[in-house]
Each structure stands twice: as C-alpha cells, then as structure tokens.
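Following my numbering, the numbering of the sequence shown begins with 14 at its first residue and continues without gaps. For every residue, glycine included, the Cβ atom is placed at its ideal position computed from N, Cα and C. So the structure is just underneath, and the comments pick up after that.
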Amino acid sequence: MNQLLFILFNLMDKDIASKLALVLGAKLDAKTKFHLLDLIDERPVETINELDPVARPFSEELTSDMISGKVDYLVCDSFFTAQEDRELLLNCRREGEFISSQEGLMREGGYGRGAEYVKDKKVRGDKFIWLSQLQEATHILKLIERLTPISEVVNKFSPDQQLDDREIQLAVYEGKGEYYLRHKDAFKLDSNNIKDGQKLRKVTVIAYLNPDIDTVLQTKGNKAGDLRLYLADKIVDVSPRLGRVIIFMSEKVEHEVKPTVGYQRFALTTWYRHIHKALPDSEPSTESGDGRIFIGIPAYRDPELPSTIKNMLETAEHPELLHFGVCFQYDQECDEDRKIDEELREVEHVGRVSVDRISYKDARNAYYARTRVQRLYQGEEFALQIDSHMRMVKNWDTLLKTYLFQCKDPKKSIISVYPRAYNPDTFTIPEKGLREENAVIDMFGEDKGANNGGPRVR
C-alpha cells in the first residue's frame with residue numbers, strides 16, 4: 014500500500030500532492046507521512062560530506078549570526094584537529110562501544126514529554142544514556158569540557174537568554190536501519206512550561222564519534238545515518254564524521270537522523286538550557302496578576318512587521334513583560350517576503366516572540382489569521398490586538414495599563430484607539446497635537462478619524 018502511494022505521489026502535481034499528504038497525514042503512520050512529504054518537497058538538498066576545518070571553523074562571529082537568525086546552523090570541523098584530539102575522540106568511541114555492549118545500561122529512545130512520552134521504533138530507533146550515568150567515562154567527560162566555550166560565546170551574544178544549565182546524552186544507532194524522524198529538540202514557552210525554574214533547551218550541540226565512514230560506505234547497502242536539517246529555503250544533509258560538531262537553536266531547526274545501516278553510529282549531544290525566571294510584578298501596583306501583555310499581530314506580507322515589533326520593545330517601559338504572537342502569511346518564493354522573514358527571525362530569537370508561519374496561498378480572512386494568533390496566547394494578564402504596521406510612544410505599556418485601571422471594572426473594560434498616519438521612512442513622534450495620555454499612535458495610512466488618536470474606553 015505504501016509503495017503504491019509513493020508511485021501515485023510522484024505522478025501528481027506538487028501542489029495537489031502536498032495538500033493530499035496533509036489530508037492523509039492523520040491516517041498514515043509518521044514514517045510514511047514524512048516519506049511522502051519528502052517526495053513532494055521541492056527544496057534543494059545540499060550535502061556536507063568531508064571534514065574541512067578551514068572552511069567550517071567555530072567563531073564568535075558565526076555564533077552571533079546563528080543567534081540573530083542570519084544563519085540557521087553551524088557545522089564546525091575545527092574543534093578537534095590535533096593528533097591528540099583524534100586519540101581523544103577514538104577513546105570516546107571505545108567508551109561508547111563498551112557502554113552499548115552492557116545489557117540494560119542504555120535505554121530505548123522515545124519522543125514527547127511527561128505523560129505524552131512514547132517509545133515507537135517507527136519514529137525513533139536509537140538507544141541512549143544520560144551523562145549522570147557516565148561518570149566512569151573519563152574520555153567522554155573530557156570531550157564535553159572541550160565544548161564548553163560554545164555556551165560561553167552564546168551567552169556573550171544572548172544576554173536575555175543566558176545558558177546556565179545543560180543535559181548531555183550519548184546515543185547509538187546499532188546499524189540495522191534505525192532512524193529518528195524529523196522533530197525539534199525543544200518546545201517554546203507555553204502554559205505548561207512557564208514555571209519558575211523551568212529548564213528550557215535553547216542550543217543543541219552534537220559531536221560525532223564515527224571514524225572510517227568512507228570505509229563503511231564501500232559496502233553496498235550501508236548508510237551513514239546523515240543528519241538532515243529542514244530549513245526555510247533548503248534541506249541540508251550532514252555526514253556524522255569523527256570530530257564534526259553541529260550547533261543550532263533547539264527551538265528552531267527541524268531535523269532528523271536518516272537510516273543507519275552497517276555500523277554503530279555514535280553521537281554525543283549537549284542541550285544547553287536556560288533556567289526560566291518568574292517575571293517580576295509590573296507597575297502600577299493595583300494590578301492583580303503578573304503584568305504580562307500578549308500582543309496579537311496578524312500580518313500579511315507586511316514589510317513593517319519587524320519594525321513594529323522592534324519599536325514596541327524599544328519604547329515599552331517593561332519589555333520583559335511582553336509576549337508577541339504573530340501569524341505571518343508570506344510567500345517563501347518571494348525575495349521581499351524572505352527579507353521580511355529574516356528580519357522577523359532576528360527579533361524572534363530573543364524568546365518573547367512566537368511566530369506561526371503560513372503560506373500566503375492559505376490566507377483566508379482577518380478572522381482566520383486572528384484565530385491562529387490566539388492559539389499563541391500563553392495566559393498573559395493583558396491582551397493587545399494591533400495591526401502589523403504601527404509605532405508607539407515611550408512607556409506605552411504602562412500608559413495603557415493606567416487607562417485600564419481608571420475604569421470602574423478593569424477586568425470587563427476594553428480600550429480602543431484610532432491611530433494616526435505615519436511615514437515609515439521618516440517617522441518621528443510629533444511634538445504638537447499629541448496628547449500626553451495618547452499611548453498608541455500612528456498607523457500607516459491616512460488619518461480619517463475624528464478622535465485623532467485619542468483612547469476610547471468601552
């Protein structure tokens with residue numbers, strides 16, 4: 014049945030096949046569904062094979078680019094280049110082989126979290142062991158310490174999301190066709206993991222312990238178990254060669270391990286984590302909740318979207334209390350739209366922006382987009398609904414809360430504002446005609462409102 018589906022999908026129009034795959038997705042097992050999606054995926058596939066320490070170094074500049082979203086991932090071949098480094102890696106490999114040979118020491122891989130954790134070899138076929146059980150593996154522990162500069166560099170460029178914890182896992186694919194279907198390594202903040210002290214995966218670092226892959230692949234049918242990265246504009250297959258290190262943001266990059274055949278594939282993965290701190294109470298003191306504001310923004314191919322978010326963060330008195338939920342409807346094939354998305358990713362990485370990206374072809378109406386935005390709500394005390402092209406005055410967040418708490422019943426009150434026009438190239442806050450209490454000002458377009466930007470309470 015599955016083979017027949019593959020043949021039919023190859024004969025179909027790509028757009029029709031894509032929609033059919035989504036419809037059938039609920040009725041197919043995960044392996045078949047993802048295989049079908051790969052068949053109709055038109056993104057080009059790039060392969061990174063041989064080690065090249067010169068072309069693929071580790072540096073602060075590249076790390077900064079990854080954090081800002083300019084690049085999606087780093088492949089670093091320069092960490093272990095000396096002869097003694099090779100000996101260290103081979104000793105780590107030997108320790109891994111010994112550990113995997115001990116019956117019952119490694120556990121079968123699964124997916125999900127908490128009560129939803131599932132073991133299914135059709136999804137994930139490796140075995141693994143946590144660092145806490147590797148205290149006698151002295152070479153592996155030494156290798157882990159060699160990688161600690163990565164977290165130090167990340168912290169230098171990410172002051173709002175400091176990495177202050179880690180979890181480490183040694184995994185093996187035995188070489189009998191095991192794989193791990195596409196997934197992400199972390200879940201974004203939501204109502205289930207926003208507790209004080211929650212440890213959140215932010216950066217994934219994978220070091221490979223697989224020598225002589227070329228020799229392995231000389232045998233017909235053998236497969237190396239490449240790491241496949243699914244990016245916005247392409248797919249990248251990375252060979253898991255001895256000493257190679259791959260780094261990416263845990264919440265962002267969807268990836269999979271392709272089938273491994275003919276040898277044991279070892280990988281040492283470190284997830285650097287940020288320990289979430291409960292947000293402080295915000296002013297004014299009459300607030301009864303935590304003061305956080307959910308800002309819902311539906312955006313249709315709007316070049317002003319990133320600037321709107323940046324402006325709101327820059328002008329807010331308490332930017333740490335803001336959470337943006339964005340439904341971004343765009344054309345991945347359009348250069349202008351891709352530029353908007355690149356700028357959006359630069360602000361998304363700070364951790365206070367959740368983005369639901371959909372094709373502009375799937376856009377329906379404002380109601381549909383706002384419904385998708387509401388799904389990003391995480392239980393904030395306040396909610397602000399705005400357009401994707403706006404500018405704010407200084408301390409707009411506190412001003413809006415002040416208005417709300419002047420109402421007889423703040424919990425049942427709504428503040429609405431008719432914004433005035435602005436030019437996105439020359440915008441400055443007007444000195445004349447701007448009332449002190451006018452918290453939200455200026456929307457792109459003509460000003461036709463008699464209220465002239467003043468607030469209304471409903």
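Three-state secondary structure (DSSP) at residue i?
i    : result
T232 : coil
G138 : coil
E373 : It should be noted that the sequence gives Tyr, not Glu, for residue 373. Looking at Y373 - three-state DSSP - the assignment turns out to be helix.
V360 : helix
H48  : helix
D177 : coil
E108 : helix
D350 : helix
P311 : strand
I427 : coil
K212 : strand
R195 : strand
S113 : helix
L242 : strand
K421 : coil
L64  : coil
R6   : The chain is shown from 14 up to 471; residue 6 falls before or after that span and cannot be answered.
For residue i and residue j, what's the separation of their Cα atoms in angstroms?
i    : j    : result
K233 : L50  : 27 Å
I248 : I219 : 18 Å
F341 : S164 : 31 Å
S77  : L357 : 16 Å
Q182 : L412 : 48 Å
L160 : I260 : 11 Å
E393 : G123 : 32 Å
N168 : Q175 : 5 Å
H336 : L103 : 46 Å
L334 : K132 : 38 Å
P224 : T321 : 50 Å
N205 : Q231 : Caution applies to N205, whose pLDDT of 48 falls short of 50 and renders its modelled position unreliable; the value that the coordinates give is listed next. Each residue's alpha carbon lies about 48 Å from the other.
V270 : I308 : 37 Å
E317 : Q115 : 58 Å
V216 : Q419 : 44 Å
I306 : Q211 : 20 Å
P70  : W409 : 44 Å
V366 : V360 : 7 Å
Q387 : T228 : 53 Å
S72  : M79  : 11 Å
L222 : V251 : 14 Å
L447 : P437 : Because L447 sits at a pLDDT of 40, beneath the cut-off of 50, its placement in the model cannot be relied upon, and the point is left open.
Could you tell me the boundaries of the beta strand (DSSP E) in which residue i lies?
i    : result
A379 : Looking at the DSSP string, A379 is not in any beta strand (DSSP E); the run it does join, the alpha helix (DSSP H), is A379 to Q387.
R278 : R278 to I288
E59  : V58 to I61
D400 : That residue, D400, is in no beta strand (DSSP E); it is neither H nor E in DSSP.
E502 : Missing from the structure shown is residue 502; the chain here goes from 14 to 471 and no further.
F92  : Where F92 is concerned, there is no enclosing beta strand (DSSP E), given that its DSSP letter is neither H nor E.
F496 : For residue 496 there is no data in the structure shown, the boundaries of the chain being 14 and 471.
D250 : I248 to V251
K132 : Taken as a continuous stretch (DSSP letters only), K132 belongs to no beta strand (DSSP E), as it is neither H nor E.
K271 : E267 to V274
M262 : V258 to M262
If you count every other CB in all the chains shown that lies within 10 Å of the CB of residue i, and 16 or more means buried, which is it?
i    : result
K265 : buried
P319 : buried
I288 : exposed
A379 : exposed
V339 : buried
V477 : The displayed coordinates of the chain run from 14 to 471. Any statement about residue 477 would go beyond what the structure contains.
W143 : exposed
D315 : buried
A245 : exposed
G125 : exposed
T273 : buried
A39  : No answer about A39 holds up, because its pLDDT of 47 lies below 50 and its placement is not dependable.
Y130 : exposed
P432 : buried
S401 : buried
D65  : exposed
V430 : buried
Tell me which residue opens and which closes the alpha helix (DSSP H) that residue i is part of.
i    : result
L144 : Neither: L144 is in no alpha helix (DSSP H) and is coded neither H nor E.
L413 : W409 to F418
V166 : P162 to F170
M79  : E73 to S81
L118 : Premise fails: L118 is in no alpha helix (DSSP H) and is neither H nor E.
L154 : T151 to R159
Practice item. Flag this pair as touching only if the segment 370-382 and the segment 409-428 have three or more C-beta atom pairs under 8 Å; answer yes or no. Key: Three or more Cβ pairs closer than 8 Å define a contact, and the segment 370-382 falls short of that threshold against the segment 409-428.
Practice item. Check whether the segment 184-199 touches the segment 132-146, taking contact to mean three or more Cβ pairs, one atom from each stretch, closer than 8 Å. Key: yes
**Study point:** Meets three-Cβ-pair contact criterion under 8 Å: the segment 275-283 and the segment 350-370
**Key:** Touching, no.
**Study point:** At least 3 beta-carbon pairs within less than 8 Å: the segment 86-101 vs the segment 249-257
**Key:** yes
Review point. Is the segment 104-116 touching the segment 77-90, taking contact as three or more C-beta pairs under 8 Å?
Key: no
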